[in-house]
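Right, one structure below, let's go through it.
In our numbering, the protein residues as written are 72 to 259.
Right under this line is the structure:
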């Protein structure tokens, strides 16, 4: 009798869940999290597939769908893209769970951890190395995301001597800002 009871309470089915494309180790705010799943069940089962994004102090159940699995037949599932927002900053992972209609877990897995950041790499250059009072200075450069890709439409705030603040936006993957030095600026 005890053996029969243990069999009755064992999970209905198990499945292997794999992410079919890599989740990057780092993302910037506004980027899209995108991945597919490959599921190979050990037994025929049906239930619900749920994906949850878990970050430092934020959890989001962002995709649930019914799923029917056939024993040893690989099932491909495309998870909709998720735009990463400010409340997702920090260390995150994706948790994937398949449950039957009785809310019993058939299989679950998690992605490796990744970082969601609002930090960008700013390359800045001057049009020359030395300047005279009253002369025009040009600051120019590029902005890159965590993967090293050049970015457009990124606002950059420039402050000169903490007096004048200007905001410019990258265009055609670069930025440029010009201003004149004061006529009575001291030399160093």
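Glycine residues also receive a C-beta, built at the ideal position from the N, C-alpha and C atoms.
Distance from the Cα of residue 136 is smallest, within the candidate group 108, 94, 195, for 108. Assigned with DSSP and collapsed to three states, residue 158 falls in helix. In the structure shown, residue 215 adopts extended strand secondary structure according to DSSP, grouped into three states.
The stretch 104–156 contains, as complete beta strand (DSSP E) runs of 3+ residues, the segments 116–126, 129–140, 146–154 (chain order).
As the crow flies, the alpha-carbon of residue 186 is around 18 Å from that of residue 132. Between residue 100 and residue 160, the C-beta gap is smaller than 9 Å, which places the two residues in contact. Burial is judged here by how many other beta carbons sit within 10 angstroms of a residue's own beta carbon; residue 115 has fewer than 16 and is exposed. In the structure shown, residue 241 adopts coil according to DSSP, grouped into three states. Three or more beta-carbon pairs separated by less than 8 Å are not found between the stretch 111–127 and the stretch 204–211, which leaves the two stretches without contact. Here the alpha carbon of residue 215 sits roughly 10 Å from the alpha carbon of residue 245. Spatial neighbours of residue 176 in its own chain (CB-CB distance under 8 Å, excluding positions within 5 residues in sequence) are listed in chain order as 82, 168, 169, 170.
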